[in-house]
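Chemist: One structure, pasted below without further comment.
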Amino acid sequence: MGTQPRSLIREVFSYVVIFLLLTIVLTFALSQCHFHWNWESVWKYRAKFYQGWCVTLGLASGSLILSAWLGLLSALGQRSHLSFLRTLCKVYVALIRSTPLLVQILIFFYLVAEAFHLQNRWVAGVLILGLFSGAYVSEIIRSGLESIPQIQWESARAIGLTPWQIHYYVVFPQALRQSLPALAGEFVSLIKNSSLLSVIGISELTLNAQEVNSYTFSTLESYLPLALGYLILTLPLAAVSGWLERRLHHES
14 MGTQPRSLIR
24 EVFSYVVIFL
34 LLTIVLTFAL
44 SQCHFHWNWE
54 SVWKYRAKFY
64 QGWCVTLGLA
74 SGSLILSAWL
84 GLLSALGQRS
94 HLSFLRTLCK
104 VYVALIRSTP
114 LLVQILIFFY
124 LVAEAFHLQN
134 RWVAGVLILG
144 LFSGAYVSEI
154 IRSGLESIPQ
164 IQWESARAIG
174 LTPWQIHYYV
184 VFPQALRQSL
194 PALAGEFVSL
204 IKNSSLLSVI
214 GISELTLNAQ
224 EVNSYTFSTL
234 ESYLPLALGY
244 LILTLPLAAV
254 SGWLERRLHH
264 ES
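Mapping the sequence shown onto the numbering used here, position 152 (from 1) lands on 165, and the numbers just tick up by one.
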């Protein structure tokens with residue numbers, strides 16, 4: 014048996030042991046509280062959970078794509094030779110990172126969106142999350158770009174590469190490898206931050222779970238599916254990030 018299969022078996026075994034330990038701890042805690050499950054009342058609202066999960070998936074997907082592009086453009090803008098563009102990107106990042114997301118949601122939806130007659134709450138939610146996460150993505154990408162040694166830029170220019178070729182073939186692959194862990198963490202946070210959009214009446218997973226709880230008075234049974242729904246969204250993202258890290262490290 015090779016080294017790689019053995020390493021995989023050990024990793025899987027570790028996950029199984031951790032899962033069993035968590036199960037034992039939770040089972041013990043519930044037994045001490047003499048908790049009685051009431052899944053029957055919650056099961057009637059399974060369609061509501063699924064609908065909220067689909068809305069959360071749509072919000073997360075749209076805002077993730079938007080934040081990635083905004084972050085990339087803002088990071089490049091902060092490195093621009095144009096003073097106005099550089100200042101604009103810095104102000105955008107500073108304002109977003111210095112204010113709470115909840116306040117941004119309320120201001121954007123009830124002031125900005127109203128002024129521009131944007132009535133679609135889903136579109137407004139994607140824009141808000143995209144703008145918020147884009148500022149953090151911008152700083153992650155900028156730090157990744159600045160981690161590339163200056164000698165690599167100069168070497169690329171010396172062999173006649175254009176600025177576009179330098180970024181595409183030399184800089185971006187290395188910056189992406191450096192930034193992937195932080196980017197994955199930010200995108201996971203973005204998915205969880207979508208729960209705050211319930212304050213503007215978007216029927217995403219968290220709001221629907223709260224409504225089911227108010228209907229059934231079964232708090233734990235209402236929020237456990239909520240946690241499971243977010244795990245289904247975030248765990249694949251973390252797995253893809255890990256796979257990309259290994260692949261980019263191998264290719265370097």
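Beta carbons are placed, not taken as given, at the ideal position from N, Cα and C, and that holds for glycine.
No experiment lies behind these values; they were computed from the predicted model shown.
Quick one: what does DSSP say Thr-112 is sitting in, helix, strand or coil?
Modeler: Taking the first residue of the sequence shown as position 1, residue 112 is located at position 99. It is coil, neither helix nor strand.
Chemist: Taking the C-alpha atoms as reference points, what is the distance between Gln-91 and Leu-158?
Modeler: Here the question's residue 91 lines up with position 78 in the sequence shown. Here the question's residue 158 lines up with position 145 in the sequence shown. Those two C-alpha atoms are separated by around 11 Å.
Chemist: Would a C-beta distance cut-off of 8 Å place Pro-238 and Phe-62 closer than the cut-off?
Modeler: The residue given as residue 238 occupies position 225 in the sequence shown. The residue given as residue 62 occupies position 49 in the sequence shown. Closer than 8 Å, so yes.
Chemist: Excluding the 5 residues flanking Ser-235 on each side, which residues of the same chain have their C-beta closer than 8 Å to its C-beta?
Modeler: Counted from its first residue, the sequence shown places residue 235 at position 222. Hits under 8 Å: Val-55, Ala-222, Gln-223, Val-225, Asn-226, Thr-229.
Chemist: Just how far apart, CA to CA, sit Leu-131 and Ile-118?
Modeler: Locating residue 131 in the sequence shown gives position 118, where the first residue counts as 1. Locating residue 118 in the sequence shown gives position 105, where the first residue counts as 1. The straight-line gap from Cα to Cα measures roughly 14 Å.
Chemist: Please work out which residues of its chain come closer than 7 Å, Cβ to Cβ, to Leu-203, disregarding the five sequence neighbours upstream and downstream, and give them in chain order.
Modeler: Numbered from its first residue, the sequence shown carries residue 203 at position 190. Closer than 7 Å at the Cβ level, and outside the excluded window around Leu-203, lie Ala-73, Ser-76, Leu-77, Ser-80, Leu-142, Ser-146.
Chemist: Assign Ser-168 to buried or exposed, taking buried as 16 or more other Cβ atoms, counted over all protein chains shown, within 10 Å of its Cβ.
Modeler: Taking the first residue of the sequence shown as 1, we reach residue 168 at position 155. Per the 10 Å Cβ criterion, exposed.
Chemist: How is the alpha helix (DSSP H) around Pro-194 delimited, first residue to last?
Modeler: For the purposes of this step, residue 194 is taken as the residue at position 181 of the sequence shown. Its alpha helix (DSSP H) spans residues 185–206.
Chemist: Output needed for Gln-191: all residues of its chain with C-beta closer than 6 Å, excluding positions within five of it in sequence on either side, in chain order.
Modeler: Residue numbering aside, residue 191 sits at position 178 when the sequence shown is read from its first letter. Gly-157, Ser-160.
Chemist: On the three-state DSSP scale, how would you describe Trp-268?
Modeler: Only positions 14 to 265 of the chain appear in this structure, which leaves residue 268 out of reach.
Chemist: Ile-31: beta carbon under 7 Å from a heavy atom of the ligand GDP?
Modeler: The ligand GDP is not part of the structure shown, which contains no ligands of any sort.
Chemist: For Thr-219 and Ile-172, I'd like the C-alpha separation in whole angstroms.
Modeler: In the sequence shown, residue 219 corresponds to position 206, counting from 1. In the sequence shown, residue 172 corresponds to position 159, counting from 1. Roughly 54 Å separates the two Cα atoms.
Chemist: Could you tell me which uninterrupted alpha helix (DSSP H) segments, each at least 4 residues in length, are contained entirely in the stretch 37–90, listed from first to last along the chain?
Modeler: If we require 4 residues or more, the alpha helix (DSSP H) runs fully inside the stretch 37–90 come out as 52–56.
Chemist: For Ala-197, count neighbouring C-beta atoms within 10 Å of its own C-beta (all shown protein chains included) and say buried if the count is 16 or more, exposed if not.
Modeler: Mapped onto the sequence shown, residue 197 falls at position 184. Ala-197 comes out buried.
Chemist: Beta carbon of Ile-154, beta carbon of Ala-107: below 8 Å?
Modeler: Mapped onto the sequence shown, residue 154 falls at position 141. Mapped onto the sequence shown, residue 107 falls at position 94. The answer is no: Cβ separation not under 8 Å.
Chemist: Give the straight-line distance between the Cα atoms of Glu-264 and Gly-255, rounded to the nearest whole angstrom.
Modeler: For the purposes of this step, residue 264 is taken as residue 251 along the sequence shown, with counting starting at 1. For the purposes of this step, residue 255 is taken as residue 242 along the sequence shown, with counting starting at 1. In this prediction, Glu-264 scores a pLDDT of 49, lower than 50, which makes its location untrustworthy; no coordinate-derived value is stated.
Chemist: Could you tell me the distance, in whole angstroms, from the CA atom of Thr-268 to the CA atom of Glu-217?
Modeler: One cannot answer for residue 268 here, as it falls past the ends of the chain, which runs 14 to 265.
Chemist: Return the chain-ordered list of same chain residues with a C-beta closer than 8 Å to the C-beta of Phe-48, the five sequence neighbours on each side being excluded.
Modeler: Here residue 48 refers to the residue found at position 35 when the sequence shown is read from its first residue. Leu-233, listed in sequence order.
Chemist: Using the C-alpha atoms, what's the distance from Leu-114 back to Pro-162?
Modeler: Along the sequence shown, one-based indexing puts residue 162 at 149. Along the sequence shown, one-based indexing puts residue 114 at 101. Their Cα atoms are separated by approximately 35 Å.
Chemist: With H, G and I counted as helix, E and B as strand and the rest as coil, what does DSSP make of Leu-261?
Modeler: Position 248 of the sequence shown, counted from the start, is the residue given in the question as residue 261. Helix at Leu-261.
Chemist: Give me the Cβ distance between Ile-109 and Ala-148, rounded to the nearest whole Å; I'm assuming they're in contact under 8 Å.
Modeler: As a working note, residue 109 is residue 96 in the sequence shown. As a working note, residue 148 is residue 135 in the sequence shown. Ile-109 to Ala-148, Cβ: 4 Å. Contact.
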